[in-house]
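Below: one structure, written as structure tokens.
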Amino acid sequence: MLLTDQQCLEIYRRPRAELIQLAEAHTLTVQAWLSSRSPEAKTFQGRGVRASSTGFKIPLLNLALGCNFPEGMDEDEIGAEVEAVKRFFAERGAPWYWWMNSEPSPKHISRILEQRGLVYDDPPLPAMIAPKIQNFATLPTYDRDIHVWRANSIADLQSASKIRRIAFGFKEGEALTYFEDMARDWLSDESAARLYLAGSSESDPVSIGAVIHAAGIPGIYVMATLPEHHRKGYGKAALTALLLDAARMEGDMVALTASSAGAGLYSQFGFRRLFAFDFYSIPDEV
Numbered sequence: 006m007l008l009t010d011q012q013c014l015e016i017y018r019r020p021r022a023e024l025i026q027l028a029e030a031h032t033l034t035v036q037a038w039l040s041s042r043s044p045e046a047k048t049f050q051g052r053g054v055r056a057s058s059t060g061f062k063i064p065l066l067n068l069a070l071g072c073n074f075p076e077g078m079d080e081d082e083i084g085a086e087v088e089a090v091k092r093f094f095a096e097r098g099a100p101w102y103w104w105m106n107s108e109p110s111p112k113h114i115s116r117i118l119e120q121r122g123l124v125y126d127d128p129p130l131p132a133m134i135a136p137k138i139q140n141f142a143t144l145p146t147y148d149r150d151i152h153v154w155r156a157n158s159i160a161d162l163q164s165a166s167k168i169r170r171i172a173f174g175f176k177e178g179e180a181l182t183y184f185e186d187m188a189r190d191w192l193s194d195e196s197a198a199r200l201y202l203a204g205s206s207e208s209d210p211v212s213i214g215a216v217i218h219a220a221g222i223p224g225i226y227v228m229a230t231l232p233e234h235h236r237k238g239y240g241k242a243a244l245t246a247l248l249l250d251a252a253r254m255e256g257d258m259v260a261l262t263a264s265s266a267g268a269g270l271y272s273q274f275g276f277r278r279l280f281a282f283d284f285y286s287i288p289d290e291v
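In the numbering used here, the protein residues as written are 6 to 291.
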């Protein structure tokens, strides 16, 4: 369900444009961070776009982010930077996406990208927000025998990497140690990133999710459940723990991006669609 302009004002006391700006800044900041966390990671900083790459053969872990070229910049110069981004990822040997912001500059960037071999990736990715939970009694129920805990060991991180790899259908051999490679980020109490696992016991995790604070608000990330354990309450249990943690963080709303597969679950927790991100890619690479 799409948030109306009136609901934005009534629920969040902000106009839609301001909410989009908040959610977008948060999301692009976190995605830049997530796609730069590997031993072989590299980054690119241009005049109008930044990019980060883990080097894994996973498009969502190799991203060009945003489009903020200076007003009046020559189109040939913009095109040259697009080509520089393409070379950056070609040298990485990794498939990638250009994750666009909601108000790109220049507005006709789609034409420039298409002239240089990129195509629009349909459908766009919904960005959803919800108010920080105040009354947890209103949340969906789940089997209270389900255990949920914050990752506190390398073994937990190893389990999380396995769950994500299987649930997201990563290519064989890719991102085998994704969470372990950034262990300090997930295990430190000083970190803005918190990873949770859920399962019938702490020795048998089957679902994961993370809450990450950036650009003034928390957001939900890497939600994943092993396919054979869908619709058993593990995702609900993990998301409840994430929202409880988010409620203690700065900011008055929580952001996430949702595929069609996850939107139903998130809507049960009060998330509503605010806008959608556009993506571009090189054909046959993703």
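Think of the CB as a built atom: it goes at the ideal place given N, C-alpha and C, for glycine as much as any other residue.
Just so it is clear, the structure is predicted and the values come from calculations on it, not from any experiment.
Secondary structure of Asp79 (DSSP, three-state): coil.
Linking Glu45 to Ala85 through their CA atoms gives a straight-line distance of about 26 Å. The beta-carbon separation of Ala135 and Phe274, rounded to 6 Å, stays under the 8 Å limit for a contact. A direct Cα-to-Cα measurement between Phe141 and Ala251 gives close to 12 Å. Your pair Trp38 and Ala69 does not check out as a contact, with CB atoms roughly 15 Å apart and the cut at 8 Å. In the three-state scheme derived from DSSP, where H, G and I count as helix and E and B as strand, Met254 is classed as coil. In its chain, beyond the 5 residues on either side, Arg277 have a beta carbon closer than 8 Å to the beta carbon of Gln12.
Of all C-beta pairs linking the segment 54-69 to the segment 98-115, three or more are shorter than 8 Å, placing the two stretches in contact. Distance from the Cα of Gln36 is smallest, within the candidate group Gln139, Asn106 and Arg155, for Asn106. Sixteen is the threshold: since fewer than 16 other Cβ atoms of the shown chains lie within 10 Å of the Cβ of His113, the residue is exposed. Trp191 carries a helical assignment under DSSP once its states are collapsed to helix, strand and coil. When only Cα atoms are considered, Lys167 and Glu82 end up about 43 Å apart. Rounded to the nearest whole angstrom, the C-alpha separation of Leu118 and Leu33 is 19 Å. Spatial neighbours of Leu7 in its own chain (CB-CB distance under 6 Å, excluding positions within 5 residues in sequence) are listed in chain order as Arg278. Relative to Ser110, the option among Pro75, Lys47 and His31 whose CA is nearest is Pro75. In the three-state reduction of the DSSP assignment, Leu118 falls in the helix class. Taking the Cα positions, Ala22 is about 24 Å away from Arg52.
Ile151 is positioned such that its CB atom lies closer than 8 Å to that of Ser205.
Beta-carbon to beta-carbon, Ala132 and Phe280 are separated by about 5 Å, close enough to satisfy the 8 Å threshold.
Between Gly224 and Ala260, the gap from beta carbon to beta carbon is short of 8 Å. Boundaries cannot be given for Trp101, as no beta strand (DSSP E) includes it and DSSP labels it neither H nor E.
Counting the other Cβ atoms within 10 Å of the Cβ of Ala219 gives 16 or more, which makes it buried. Within the DSSP bridge table, the entry for Asn106 names no partner.
The residue among His235, Asp289, Gly269 and Asp257 with its C-alpha nearest the C-alpha of Arg19 is Asp257.
Pairing Asp148 with Tyr271, the inter-Cα distance amounts to about 18 Å.
Shown here, Pro64 sits in a helix according to DSSP, grouped into three states. When Ala197, Ala30, Ala165 and Ala246 are compared, the shortest CA-CA separation from Thr146 is found for Ala246. Between Ala188 and Ser58, the alpha-carbon positions lie close to 18 Å from each other. In the displayed model, Leu27 falls within a helix according to three-state DSSP.
The C-beta distance from Phe61 to Val90 rounds to 18 Å, too long to fall under 8 Å, and the pair is not in contact.
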